[in-house]
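Undergrad: Quick one: the structure is below, and I'll ask about it shortly.
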Amino acid sequence: MEACPQYGPEKAFVGPASLAAVRLMNNHPTGSYHKQQRLHAIMADGGISDCGNAQNCVRVCPKEIPLTTAIGELGRQSTLQLLRDLFGKSQ
Ligand code: SF4
-17 MEACPQYGPE KAFVGPASLA AVRLMNNHPT GSYHKQQRLH AIMADGGISD CGNAQNCVRV
43 CPKEIPLTTA IGELGRQSTL QLLRDLFGKS Q
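Using the numbering used here, read the sequence shown as starting at -17 and increasing by one per residue.
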């Protein structure tokens, strides 16, 4: 977490680990039930738009979790959710 320039006690950003957890749960068959609520949470202040894409998280991750891939996928999911919200489709 300290490697991320966007994450810290003075900042609202939830951080790459939380975003990766959102992606994991959104793609899980049972976790997908609350996908919409998770996407709305990360579309708010401190969410995905606060990622500066410096990619430090990927470089320092000891488990080699593809964090920026997760963030990119969540960006696409968030965009689709925004379109659903705008045009009234609930899922
Ligand atoms: S890409 Fe950069 S700003 Fe985004 S979560 Fe990773 S370290 Fe933080």
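Backbone N, C-alpha and C fix where the C-beta goes; we use that ideal spot for every residue, glycine too.
(1) Given that a residue counts as buried once 16 or more other Cβ atoms are within 10 Å of its Cβ, and exposed if not, what is Arg20?
(2) Could you pull the start and end residues of the alpha helix (DSSP H) that Phe(-5) belongs to?
(3) Distance, Cα to Cα, Leu6 vs Gln63?
(4) Measuring straight from C-alpha to C-alpha, what distance separates Ser31 and Met25?
(5) Can we count Ala36 as close to ligand 1, meaning its CB is less than 6 Å from some heavy atom?
(6) Return the first residue and the last residue of the alpha helix (DSSP H) that Cys39 is part of.
(7) Can you tell me the Cα-Cα spacing of Gly29 and Arg66, whole angstroms?
(8) What does the alpha-carbon distance come out to for the pair Ser0 and Tyr(-11)?
TA: Quick look at the numbers:
(1) Along the sequence shown, read from residue 1 onward, the residue named residue 20 stands at position 38. Flag for Arg20 reads buried.
(2) As a working note, residue -5 is residue 13 in the sequence shown. First-last for Phe(-5): undefined, no H or E at that position.
(3) Residue 6 sits at position 24 when you count from the first residue of the sequence shown. Residue 63 sits at position 81 when you count from the first residue of the sequence shown. If I take the Cα positions, the gap works out to 17 Å.
(4) Mapped onto the sequence shown, residue 31 falls at position 49. Mapped onto the sequence shown, residue 25 falls at position 43. Going by the C-alpha atoms only, they are around 7 Å apart.
(5) The sequence position of residue 36 within the sequence shown is 54, counting from 1. Checking the Cβ of Ala36 against ligand 1 gives yes.
(6) As a working note, residue 39 is residue 57 in the sequence shown. Its alpha helix (DSSP H) spans residues 38 to 42.
(7) Along the sequence shown, read from residue 1 onward, the residue named residue 29 stands at position 47. Along the sequence shown, read from residue 1 onward, the residue named residue 66 stands at position 84. About 19 Å.
(8) In the sequence shown, residue 0 corresponds to position 18, counting from 1. In the sequence shown, residue -11 corresponds to position 7, counting from 1. Cα to Cα, the separation comes out at about 11 Å.
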